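In what follows, a structure is listed as structure tokens, so that the remarks can point back to it.
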Amino acid sequence: MRLPTSMALCLLAGTLSSAYPAPQDEPVSTTTLPDGATTTLPVSPATDTAVASDQLAELANFAQDLVNSTLEETSSKQKRGGCTLKNLAVRREWGSLSKSERKAYTKAVLCLQSKQAKTPSSLIPGAKSRFDDWVGTHINQTLTIHYTGTFLAWHRYFTWQYEQALRNECGYTGYQPYWDWAKTAVTGMENSPILDGSDTSMSGNGAHIPNQGGIVLGGNGLPELPLPAGTGGGCITSGPFKNMTVNLGPVSLALPGGLTEANGDGFSWNPRCLKRDLTTEINRRFANASSIVHLVLKSKNIWDFQMTMQGVPGSGDIGVHGGGHYSMGGDPGRDVFVSPGDPLFYLHHGMIDRTWWIWQMLDQRTRTGAAGISGTGTFLDSPPSPNTTLNTMVDLGYAAGPPQAMRDLMSTTDGPFCYIYV
Ligand SMILES: [Cu+2]
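As structure tokens, this is what we get:
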């Protein structure tokens, strides 16, 4: 019989308290905030996911406190971008939004999907809506924004511009919500408010397809990585996106049975339903609370952080980034190029950005500056390309502009951005 750790410790303490010293508190470090307050932070990631969840909350609280005290200090000076505590946006976890806030978000996404695309159809004929402008941009740039020096900043800017479009073009008054993978790893994805299929969710699982084979990642000279299929596989059956049409792709879609599917460059019009194949097993294996805290506490530089987050190819680990993507499953969820075609993408990348932000705040000056960038402009530097620097430009094409230098994308509160996560 397995007991919860706390109960097992109580039992131990009750029977063996005279023979063993009391359990030591987990190691912590003490940090002083700019306003003089001190706080303690965990230094080694707990393997117990319940303890790791608490550690993650402590790290997130620290990041919030740091921003709050920094902005309080400097709000009177003229900061670049003018971010103050007054105009600071707060991005929240989906489950902490009220039901009407959740509906307002999905309504705005549906609005974006109903508006005319800005991408010329001569360039991307399948881009039919404003929502597709983001999908097309991501397809177009996939090989220069993953496993590159721009990966995190590019997706930060991409998600932020999407949030701006929801607000400015579709009347949404909230901010971009995020998907806390640690929570769905505990509840099971289908049981979470994000994916329970209700009208206040992001829609749920796809229709169940029995006896699906697993999917296989890797190949192309790398060891194969078999992953399980999920509990759905077909078209989503309920919730706000039930009638949504996926217009673009696939480009490199992993399918059950170890197959892949492509439709050329993915730019032609290929209308089909949104499929999901929720795979809690992948969520639990690669993106639980311990994996997140491990990533945050054990990555000592940006190279380690971004490689651990995306998974070192061939290592058998797909990181929290791959863990989130492949646990959604389906089409376009399992397609690296077309993945923003599932609206859940932006909640996933909200959490990617939140995790980066928490990590940055642990050594703010270093990690939001030049030393917070590593890598080049091409996927695993293939073909070889120049190093990414603070001056490298990030361009979102027809989704939204203007192109921004990396230096302006490194901080969420200095430059064009002004937001935090709670
Ligand atoms: Cu991406």
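So the sequence shown is residues -19 to -1, 1 to 403, counted in mature numbering (1 follows the signal peptide of the UniProt record, and there is no 0).
The beta carbon of each residue, even a glycine, is placed where N, CA and C say it ideally should be.
In this text, all values refer to a predicted model and were calculated from it rather than measured experimentally.
Reference residue i, options the options, closest by Cα
i	options	result
Arg148	Leu91, Lys80 and Pro313	Leu91
Gly238	Gly331, Val197, Trp250 and Gly202	Val197
Val319	Lys84, Trp162, His119 and Met374	His119
Asn269	Met170, Thr123, Cys64 and Pro8	Met170
Asn264	Gln94, Thr212 and Lys80	Thr212
Pro101	Ser95, Gln94 and Asp113	Asp113
Ser249	Arg266, Leu259, Thr261 and Pro231	Pro231
Pro365	Ser34, Ala18 and Gly130	Gly130
Leu240	Ala27, Ala163, Tyr400 and Arg315	Arg315
Lys164	Gly305, Pro209 and Leu66	Gly305
Thr51	Trp75, Asp16 and Thr20	Asp16
Gly200	Gly295, Ile333 and Thr28	Gly295
Tyr86	Ala27, Ala31, Ile175 and Gln45	Ile175
Val48	Ile339, Ala386 and Gly382	Ile339
Arg111	Thr123, Ser103 and Leu93	Leu93
Asp334	Ser103, His136 and Pro23	His136
Val167	Glu262, Pro191, Pro207 and Asn186	Glu262
Met387	Asn192, Ile126, Ile401 and Met290	Ile126
Beta-carbon spacing of residue i, residue j below 9 Å
i	j	result
Tyr128	Lys88	no
Val277	Thr336	yes
Ala352	Gln142	no
Asp312	Arg253	yes
Thr181	Lys67	no
Ala210	Thr260	yes
Ser179	Ser233	no
Gln287	Leu133	yes
Asn228	Val317	no
Gly331	Arg72	yes
Gly215	Ala235	no
Gly194	Cys399	no
Tyr327	Glu144	yes
Lys96	Pro221	no
Val9	Leu22	yes
Pro26	His275	yes
Thr359	Leu124	yes
6 Å CB neighbourhood of residue i in its chain, flanking five on each side removed
i	result
Pro384	Met374 and Asp376
Gly292	Asp298, Ile299, Gly300 and Gly303
Leu361	Tyr128
Pro321	Trp115, Val116 and His119
Pro207	Gly195 and Val197
Cys151	Ala89, Cys92 and Leu93
Pro24	In the sequence as presented, Pro is not what sits at residue 24; that position holds Val. Correct list, in chain order: Pro8 and Ser10.
Ile190	Gly214 and Gly215
C-alpha gap between residue i and residue j, whole angstroms
i	j	result
Leu69	Thr394	8 Å
Asn172	Arg257	15 Å
Trp75	Tyr159	6 Å
Thr357	Trp162	29 Å
Met309	Met225	16 Å
Ala98	Pro106	10 Å
Met342	Ala44	5 Å
Gln5	Val403	Low per-residue confidence applies at Gln5: pLDDT is 46, beneath 50, and the placement is therefore not dependable, though the value from the model is reported in the following sentence. Rounded to whole angstroms, Gln5 to Val403 spans 29 Å at the Cα level.
Ala41	Gly396	21 Å
Lys279	Ser34	16 Å
Trp284	Asn368	12 Å
Gln345	Ser392	9 Å
Asn251	Tyr307	22 Å
Ala(-1)	Tyr138	Because Ala(-1) carries a pLDDT of 37, less than 50, the predicted location of this residue cannot be relied on, and the following value inherits that uncertainty. Taking the straight line joining both Cα atoms gives about 56 Å.
Ile273	Ala146	29 Å
Pro324	Leu255	10 Å
Lys109	Thr12	51 Å
Glu242	Asp177	28 Å
Asn282	Arg348	8 Å
Met290	Ser363	19 Å
Ser355	Asn372	13 Å
Glu205	Asn192	21 Å
Asn186	Ile401	30 Å
Neighbourhood of residue i by C-beta, 7 Å cutoff - its chain only, sequence neighbours within 5 removed
i	result
Gly378	Thr118 and Asn121
Lys223	Ser184 and Ile217
Leu14	Thr20, Asp46, Leu47 and Ser50
Asp389	Gly396 and Pro397
Asn244	Gly230, Pro231 and Asn251
Glu39	Leu22 and Pro23
Gly382	none
Residues near residue i by beta carbon distance below 8 Å, same chain, minus five either side
i	result
Leu78	Tyr86, Gly155 and Pro158
Gly350	Leu371 and Met391
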